[in-house]
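Scroll down for the structure; my scribbles are underneath it.
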Amino acid sequence: KQEVTQIPAALSVPEGENLVLNCSFTDSAIYNLQWFRQDPGKGLTSLLLIQSSQREQTSGRLNASLDKSSGRSTLYIAASQPGDSATYLCAVKSRGSTLGRLYFGRGTQLTVWP
Amino acid sequence: KAGVTQTPRYLIKTRGQQVTLSCSPISGHRSVSWYQQTPGQGLQFLFEYFSETQRNKGNFPGRFSGRQFSNSRSEMNVSTLELGDSALYLCASRYTLKSPLHFGNGTRLTVT
Numbered sequence: 161k162q163e164v165t166q167i168p169a170a171l172s173v174p175e176g177e178n179l180v181l182n183c184s185f186t187d188s189a190i191y192n193l194q195w196f197r198q199d200p201g202k203g204l205t206s207l208l209l210i211q212s213s214q215r216e217q218t219s220g221r222l223n224a225s226l227d228k229s230s231g232r233s234t235l236y237i238a239a240s241q242p243g244d245s246a247t248y249l250c251a252v253k254s255r256g257s258t259l260g261r262l263y264f265g266r267g268t269q270l271t272v273w274p
Numbered sequence: 446k447a448g449v450t451q452t453p454r455y456l457i458k459t460r461g462q463q464v465t466l467s468c469s470p471i472s473g474h475r476s477v478s479w480y481q482q483t484p485g486q487g488l489q490f491l492f493e494y495f496s497e498t499q500r501n502k503g504n505f506p507g508r509f510s511g512r513q514f515s516n517s518r519s520e521m522n523v524s525t526l527e528l529g530d531s532a533l534y535l536c537a538s539r540y541t542l543k544s545p546l547h548f549g550n551g552t553r554l555t556v557t
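Chains as they are written, first to last, in our numbering: chain A, 161 to 274; chain B, 446 to 557.
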């Protein structure tokens, strides 16, 4: 069974810092990996999707990398802003019979203070 | 393009009752998935539907069921509610298997 772990569980930084959020997964037979952001009481907003054949994806100040062989992904946030405060979730879509299902980490709760 | 729409946003029910939650996917998306989110367990997969057929099911009791209609809209039903069913229920849709999953804002269910 796929297990996804995110480190750290919480992070509090001043505005302007560059951040790295980590995600690891136990089964490298993945189809893709997706990073989400969740604001309190809201649903999930998709940030980046990396297919298993890709190494990284970029969107604005966000960059996500994938090392399938070591079972790791990182989300890099450049020049953080208070509006980036949210919980960031990593989710993996595994190959095999549970193809459509995503396995989620518990998230990293990020606070960026002015 | 409208996003994934879930109704209602909030529900309060009593133990033993049943509840139906509704989800309208993004136009053109034929796959709809349901997830349960709780502080203790995080996000857990309930089931996925594609073209009115259940494709995957998570490890939840038979009290949790769902269906998908020909217009891709989906409903989830929970019967004989228990206190532990209190959670945020999230619906998501996608266009193809390679596409990103898009989530709605969820239905917050409280069981008293």
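Ideal placement from N, C-alpha and C gives every residue a C-beta, glycine not left out.
For residue 487 of chain B, which residues in chain A fall below 7 Å Cβ to Cβ? 264, 266
Are the beta-carbon atoms of residue 577 of chain B and residue 481 of chain B separated by less than 8 Å? Beyond the ends of chain B as shown, which are 446 and 557, falls residue 577 of chain B; an answer cannot be given.
Taking only the alpha-carbon atoms, compute the straight-line gap between residue 247 of chain A and residue 169 of chain A and give it to the nearest angstrom. Cα to Cα, residue 247 of chain A sits roughly 9 Å from residue 169 of chain A.
Using three-state DSSP, classify residue 503 of chain B as helix, strand or coil. coil
Starting from the N-terminal side, write out each stretch of the beta strand (DSSP E) that is 3 residues or longer and does not extend beyond the region 188-259 of chain A. DSSP runs (the beta strand (DSSP E)) wholly in the region 188-259 of chain A: 190-198, 204-211, 216-219, 222-227, 232-237, 246-254.
Sequence-distant residues of the same chain with beta carbon closer than 8 Å to residue 458 of chain B, five excluded per side: Within the same chain, residue 458 of chain B has close Cβ partners 464, 526, 554, 555, 556, 557.
To the nearest angstrom, how far is it from the Cα of residue 470 of chain B to the Cα of residue 549 of chain B? Near 8 Å, if we compare the C-alpha coordinates of residue 549 of chain B and residue 470 of chain B.
What are the residues in the region 204-238 of chain A lying within 7 Å of chain B by C-beta distance? 204, 206, 209, 211
N- and C-terminal bounds of the beta strand (DSSP E) containing residue 490 of chain B: 487-495
Test: residue 567 of chain B CB closer than 8 Å to a CB of chain A: The structure shown does not extend to residue 567 of chain B, since chain B is modelled only from 446 to 557, so the question has no answer here.
I need the straight-line Cα distance from residue 536 of chain B to residue 269 of chain A, nearest angstrom please. 22 Å
Helix, strand or coil: how does DSSP classify residue 448 of chain B here? Of the three classes helix, strand and coil, the one that applies to residue 448 of chain B here is coil, per DSSP.
DSSP on residue 549 of chain B, reduced to helix/strand/coil? coil
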